[in-house]
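Counted the way the numbering used here counts, the sequence shown spans residues 202 to 843.
Note that CB positions come from ideal geometry on N, CA and C, so glycine has one too.
Taking it in order: structure first as structure tokens, then the write-up.
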Amino acid sequence: MRHATAIAPSPGQAEIETRLEACDISVLLMVLVQLTGDMELLGRVTPNLAKPGVFEHPVPEAQAGEIRGRLARLVAETPRPAPAVTGEAGLHRMLNAFCRETVSDRYVPMLLDDLGFRKAPAPLAAADTATRARAEGFRVLIVGAGASGICAGIKLGAAGIPYDVIERNDDVGGVWHENTYPDCGVDSANHLYCYSFALNHDWSRYYVKQGELKGYLRDCAERYGVLGRIRFGEEVERLRYDAETCLWHATIHTPEGRREATANAVISSVGQLNQPAIPPLPGLDGFAGAVMHTARWDHGYDFAGKRVAMIGTGASGLQAGPKLAETAAHFTVFQRSAPWVLPRHNYETPVPEAVKWALREVPYYAEWFRFLLFWAYGDGVHDALMMDPDWTSEERSVSALNEEIRQIWTAYLDSEIADRPDLRDKVLPDYPPFGKRSLRDGGWYRMLKQDNVALVTDGIERIEPGAIVDRTGARHPVDAIVFATGFHASRMIYPMAVEGRDGRTIRGEWGDDDPRAYLGICVPGFPNFFVTYGPNTNLAHGGSIIFQAECQVHYILRCLELLLDRGGAAMEVRQDAHDAYNAEMDARLERMVWSDPGLTNWYKNRDGRITTNSPWKLVEYWELTRAPDPQAFDFAPAREEA
202 MRHATAIAPS PGQAEIETRL EACDISVLLM VLVQLTGDME LLGRVTPNLA KPGVFEHPVP
262 EAQAGEIRGR LARLVAETPR PAPAVTGEAG LHRMLNAFCR ETVSDRYVPM LLDDLGFRKA
322 PAPLAAADTA TRARAEGFRV LIVGAGASGI CAGIKLGAAG IPYDVIERND DVGGVWHENT
382 YPDCGVDSAN HLYCYSFALN HDWSRYYVKQ GELKGYLRDC AERYGVLGRI RFGEEVERLR
442 YDAETCLWHA TIHTPEGRRE ATANAVISSV GQLNQPAIPP LPGLDGFAGA VMHTARWDHG
502 YDFAGKRVAM IGTGASGLQA GPKLAETAAH FTVFQRSAPW VLPRHNYETP VPEAVKWALR
562 EVPYYAEWFR FLLFWAYGDG VHDALMMDPD WTSEERSVSA LNEEIRQIWT AYLDSEIADR
622 PDLRDKVLPD YPPFGKRSLR DGGWYRMLKQ DNVALVTDGI ERIEPGAIVD RTGARHPVDA
682 IVFATGFHAS RMIYPMAVEG RDGRTIRGEW GDDDPRAYLG ICVPGFPNFF VTYGPNTNLA
742 HGGSIIFQAE CQVHYILRCL ELLLDRGGAA MEVRQDAHDA YNAEMDARLE RMVWSDPGLT
802 NWYKNRDGRI TTNSPWKLVE YWELTRAPDP QAFDFAPARE EA
């Protein structure tokens, strides 16, 4: 997002060249080739580039200086030159060089779209007068004002479709409003973890904390007119579809009581991570001290000088733990399984002002930097998730690439605990990389080596009024217990009651923890009901869930465009299309690391089926959500007016 700033004099060529020294040389190379078409330079420099994600490029200074100097001259020019490479063949060659491998040409259309060279018309942008009139009389109810709900509101508004947003909290943000534990922040790179249509070139860090990210979402909601359409402090208790009128009826709990509302379509944007999970440990109800979940933080409790226990070592635990250990008299971590902890590259690093300037002012730098992150933390590592049936190893890995990553991560672990070999068996995971969520190191290993910190891996037998007893019988006195135990991720769209066509209910279709949807978005029996961040759309290896949200919202808008263009009242995904998609999805998931039978993770339901994660590469999901297949849906005609 381009924030309003005071107008400063344009820097000269020498100053620009100095600023470019802070920038990624591989990105600068792509920008220069984009602007000049100099494929000879691309060929000369490419052998000296590292893969995206390594960030340390062995490019000779002579070549780096040439790139910065030539680009500085172009940026200093007025007017700036038009891009020389805008076609598929040239961009594909650039992608292969940038990624240091042969990249499928299926990425080219997506990059053309991101760079603005080939953007498809926005939904309903080319609608005729009759369709536009139908759109203006069509109302959508969005449930939830997190990143997905805000995105849906923005795109509905742009398409001219009226909408309302119901949000149970008192502000926007979703998980970024509800999670306020110490050091809470994003562990996906921020320049990818933002809307593609509202890039923020002024992030303070490469991985920002909760407050800044929530502020970005609120800024977007306000800037695009969504904020004024949100009713805060209200919660949708029940949704019921009326097949006669093709309308959804909502029962909404408000501070004043219950009210009713109707809508032509509903978008559920409540997500997967909104119901905190606290294990039913024996004796917990009798604990005399403070108890809290990281997602329901008690800011009134003072941890200073207390004996604190933290149960769980997932994402919130690795972020909150080091901060709690700073003030607690003693800090005991109860770990069920060790997480894979990634090196700290840029995790705690402020974004230099020169890089912020380049993101704003150097043509295509922001887009190519974004693709670098997309590849390094997304599709570039996706192959490491696939189990090679012919792979044999004494180590816990599932393929040669997965083993290569295991060795890199293990070497980092060993470097961090070299002075504490007694910790190695406790902190070295016994499962393959990506089998559970891998996490960024914000001081976790440093914390474990502190004198006031103990790591317990023996499991919990029971809780007493003033202590936790592990399964060896050892008693650990504590004054407070923090649960960093995640969420009921498979229990989606809960506790909201949703009744579709012919009395079918979401709970009846999904049970407590077996959700399924077509593309993770549409459910048979529930016309005009759409889901964002729904079943099998989570990204467990990297990428950006905001990327997923944009894909889903784009698809939903294309569905509504198709419906309105036909003059229909409702559309419902066919059961056969839903089942065929899910069969293909399940077959892919069975070949992926999360399905390893020896693994327990929050991606699986009680029956062991992966319900949360997407098996697709990001580009595959982007392709799947470009436009609906009319043959996959049944349509209900609009009723004739009396």
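field: Cβ-based burial, residue 742 [other Cβ within 10 Å; buried from 16]
entry: buried
- prompt: What is the DSSP secondary structure of residue 706, reduced to helix, strand or coil?
  reply: strand
query: Going by DSSP, which residues form a beta bridge with residue 851?
result: The structure shown does not extend to residue 851, since the chain is modelled only from 202 through 843, so no value can be given for it.
- prompt: Which runs of the alpha helix (DSSP H) fall wholly inside the segment 239-318 and span at least 4 residues, in chain order?
  reply: 240-246, 262-277, 289-300 and 308-316
Environment of residue 500 [buried if 16+ CB atoms lie within 10 Å]: exposed
message: Taking the straight line between their C-alpha atoms, what separation do you get for residue 395 and residue 401?
response: 7 Å
query: Under three-state DSSP, which class holds residue 392?
result: coil
query: Under the three-state reduction of DSSP, which class applies to residue 538: helix, strand or coil?
result: coil
- prompt: In chain order, which continuous runs of the alpha helix (DSSP H) of length 4 or greater are located wholly inside the segment 543-593?
  reply: 554-562 and 566-577
field: Straight-line gap, residue 204 to residue 403 (C-alpha atoms, nearest Å)
entry: Summary for residue 204: the model assigns pLDDT 45, below 50, so the residue's position carries little reliability; its value from the coordinates is reported in the next sentence. When rounded, the distance between both Cα atoms is 8 Å.
task: Measuring alpha carbon to alpha carbon, tell me which of 818, 791, 713 and 765 ends up nearest residue 326.
output: 765
message: Check for me: the alpha helix (DSSP H) holding residue 523 runs from which residue to which?
response: 516-528
message: Can you find the residues in the same chain that come closer than 6 Å, C-beta to C-beta, to residue 208, ignoring five residues on each side of it along the sequence?
response: Low confidence applies to residue 208: its pLDDT is 44, below 50, so where it sits in the model is not reliable, and the reading given next is rough at best. Cβ neighbours of residue 208 beyond the five flanking positions: none.
field: Neighbourhood of residue 559 by C-beta, 6 Å cutoff - its chain only, sequence neighbours within 5 removed
entry: 224 and 566
- prompt: How should residue 206 be labelled, buried or exposed, when 16 other C-beta atoms within 10 angstroms of its C-beta is the threshold for buried?
  reply: Any reading at residue 206 must be qualified, since the residue scores a pLDDT of 42, below 50, and its modelled position is unreliable; the value itself is stated next. By the neighbour-count rule (16 or more Cβ atoms within 10 Å), residue 206 is not buried but exposed.
message: Can you give me the C-alpha to C-alpha distance between residue 819 and residue 580, rounded to a whole angstrom?
response: 6 Å
message: DSSP three-state label for residue 734, please.
response: coil
- prompt: Quick one, are the C-beta atoms of residue 839 and residue 683 less than 8 Å apart?
  reply: no
query: Is the beta carbon of residue 529 sitting closer than 8 Å to the one on residue 653?
result: yes
task: Measure from the alpha carbon of residue 409 to the alpha carbon of each residue in 329, 719 and 386, then state which is nearest.
output: 386
message: Is residue 764 close to the ligand GDP? I mean its beta-carbon at under 7 Å from any heavy atom of the ligand.
response: Ligands displayed in this structure: none; no statement on the ligand GDP is therefore possible.
- request: Would you mind stating whether residue 812 and residue 737 have Cβ atoms separated by less than 8 Å?
  value: yes
Reduced DSSP secondary structure (H/G/I, E/B, other) of residue 454: strand
query: Can you list the alpha helix (DSSP H) stretches of 4 or more residues lying completely in the segment 585-641, in chain order?
result: 601-617 and 625-628
task: Measure the alpha-carbon distance for residue 407 versus residue 452 and round it to whole angstroms.
output: 42 Å
- prompt: Can you tell which of 645, 589 and 463 has its C-alpha closest to the C-alpha of residue 549?
  reply: 645
field: 6 Å Cβ shell around residue 254 - same chain, five flanking residues per side excluded
entry: 577
task: Look at residue 426 and residue 358 and say whether their C-beta atoms are less than 8 Å apart.
output: yes
message: So, with DSSP's three-state summary, where would you put residue 330?
response: helix
- prompt: Taking the continuous beta strand (DSSP E) assigned at residue 695, which residues delimit it?
  reply: From DSSP, residue 695 is part of no beta strand (DSSP E); its letter is neither H nor E.
- prompt: Taking residue 721 as the reference, which of 493, 773, 772 and 783 has the closest Cα?
  reply: 783
- request: Whole angstroms is fine: what's the gap from residue 769's alpha carbon to residue 836's?
  value: 7 Å
Residue range of the beta strand (DSSP E) that includes residue 378: Looking at the DSSP string, residue 378 is not in any beta strand (DSSP E); the run it does join, the alpha helix (DSSP H), is 376-379.
- request: Using three-state DSSP, classify residue 843 as helix, strand or coil.
  value: Only weak support exists for where residue 843 lies, its pLDDT of 37 falling under 50; the value from the coordinates is given anyway. Note: residue 843 maps to coil in three-state DSSP.
query: Does the pairing of the segment 473-491 with the segment 685-699 give three or more beta-carbon distances under 8 Å?
result: yes
task: Give the secondary structure of residue 478 by DSSP, where H, G and I count as helix, E and B as strand, and everything else as coil.
output: coil
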